[in-house]
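Residue numbering for the first sequence is 77 to 288, as defined by my numbering.
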Amino acid sequence: MADLKSYYKDLLDHYGPQRWWPAETPFEVMVGAILTQNTAWTNVEKAIRNLKSYGLLDPLKLHEIDQDTLALAIRPAGYFNVKAARLKSFMAWFVTRYGGEVERLKQIPAQRLREQLLEVKGIGPETADSILLYALELPTFVADTYTYRLLTRHGLLSEEAGYEDMQEFFEKNLPRDRALFNEFHALIVAVGKEFCRPKARCEQCPLRKRLP
DNA sequence: GACCAGGCACATC
DNA sequence: GATGTGCATGGT
């Protein structure tokens, strides 16, 4: 059985605490989770800055605003038309069902909330889990493309593994600890940016000594 | 200029 | 059910 704790310790020693999610409020996390889909975070920061400066970083405001106007505001994040539509569909759900109140989301059991989020067009497993973990502080492990490359290249999962397989791998081999899941995923992104690019540089990875 | 980024939905076979 | 494609800006 893989000693995930030692992977975690190596990463934490090497990179230090990542202090995710970089946002001021849970709602900002949710918006950022949609904006960062397949996009560099630096681009998302610009889009969030725009939303803040226009006073739009608010569930009711985003629910009311015209989609094309929203697209202009989030332009730096890329895929702006797609993401404007996704933000609108998320707000339609969040505002009409929960009044745009984060506290009301917290009343719902995690499993049911995850299912509801996945029904929102534009929210897939990673975005849903990011919202659960980083906005609502629920102990759900977030997987992503870096996680996939790391697990498959280290021979911990086969290349046929899907999202749920990755998530299950972590959740079954670690204590269900919100803070641990938070930091671990962020550290995987940190090591991923440096060493888990499509063109691998695994020979210099800080986890190299754990490769078979 | 090529490559890539903290995905997802949809078309097509 | 698997596989391919569109979406787009901005940093390296």
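Here a beta-carbon is modelled for each residue, glycine too, at the ideal position from N, C-alpha and C.
What distance in whole Å lies between the Cβ atoms of G154 and T101, which are believed to be in contact at a cut-off of 8 Å? Here residue 101 refers to the residue found at position 25 when the first sequence is read from its first residue. Here residue 154 refers to the residue found at position 78 when the first sequence is read from its first residue. About 23 Å separates the two Cβ atoms, so there is no contact after all.
Pick helix, strand or coil for K101, following the three-state DSSP scheme. In the first sequence, counting from the first residue as 1, residue 101 sits at position 25. The amino acid occupying residue 101 in the given sequence is Thr; Lys does not appear at that position. In this structure, T101 counts as coil in the three-state DSSP scheme.
Does S206 pass the burial test, meaning 16 or more other C-beta atoms within 10 Å, or should it be called exposed? Mapped onto the first sequence, residue 206 falls at position 130. When all chains shown are included, S206 counts as buried.
How far does the alpha helix (DSSP H) with T223 in it extend, from its first residue to its last? To locate residue 223, count along the first sequence from 1; it is residue 147. First-last of the alpha helix (DSSP H) with T223: T221 to R229.
Closer than 7 Å by C-beta to A161: which residues in its own chain qualify, once you throw out the five before and the five after it? Chain order, please. Position 85 of the first sequence, counted from the first residue, corresponds to residue 161. Only Q143 and G198 meet the Cβ criterion.
What's the gap between the Cα of A99 and the Cα of V105? Along the first sequence, read from residue 1 onward, the residue named residue 99 stands at position 23. Along the first sequence, read from residue 1 onward, the residue named residue 105 stands at position 29. Cα to Cα, the separation comes out at about 6 Å.
First and last residue of the alpha helix (DSSP H) that includes D144? Along the first sequence, read from residue 1 onward, the residue named residue 144 stands at position 68. Residues Q143 to A149.
Beta-carbon spacing of A149, L132 below 8 Å: By one-based count along the first sequence, residue 149 stands at place 73. By one-based count along the first sequence, residue 132 stands at place 56. Cβ atoms of A149 and L132: closer than 8 Å.
Span of the alpha helix (DSSP H) holding S82? Taking the first residue of the first sequence as position 1, residue 82 is located at position 6. For S82, the uninterrupted alpha helix (DSSP H) segment begins and ends at L80 to Y91.
Let me confirm a value: T145 is counted as buried when at least 16 other C-beta atoms fall within 10 Å, else exposed. Which label applies? Along the first sequence, one-based indexing puts residue 145 at 69. That one is exposed.
Determine the direct distance from the alpha carbon of A168 to that of L189, and round the result to whole angstroms. As a working note, residue 189 is residue 113 in the first sequence. As a working note, residue 168 is residue 92 in the first sequence. Answer to the nearest angstrom: the Cα atoms are 15 Å apart.
Among R180, P251 and F257, the one whose alpha carbon lies nearest that of E213: Working through the first sequence from its first residue, we reach residue 213 at position 137. Residue F257 is the option with its Cα nearest to E213.
In chain order, what residues of the same chain lie with their CB nearer than 8 Å to the CB of L290, ignoring the 5 residues before and after it? No answer is possible for residue 290: it lies beyond the span of the chain, which begins at 77 and ends at 288.
Please report the straight-line C-alpha distance between Q280 and Y239, rounded to a whole angstrom. By one-based count along the first sequence, residue 280 stands at place 204. By one-based count along the first sequence, residue 239 stands at place 163. Taking the straight line from one Cα to the other gives about 26 Å.
Using alpha carbons as the reference points, say which of F245, I124 and E179 lies closest to K81. Numbered from its first residue, the first sequence carries residue 81 at position 5. Answer by Cα proximity: F245.
In the structure shown, what three-state DSSP assignment does T118 receive? Stepping through the first sequence from its first residue, residue 118 is reached at position 42. Residue state for T118 is assigned as helix, using DSSP reduced to three classes.
Considering D205, what are the terminal residues of the alpha helix (DSSP H) in which it resides? Within the first sequence, residue 205 is the residue found at index 129, counting from 1. D205 -> alpha helix (DSSP H) spans P201 to S206.
6 Å CB neighbourhood of T112 in its chain, flanking five on each side removed: As a first step, residue 112 must be located in the first sequence, where it is residue number 36. Correct list, in chain order: V120.
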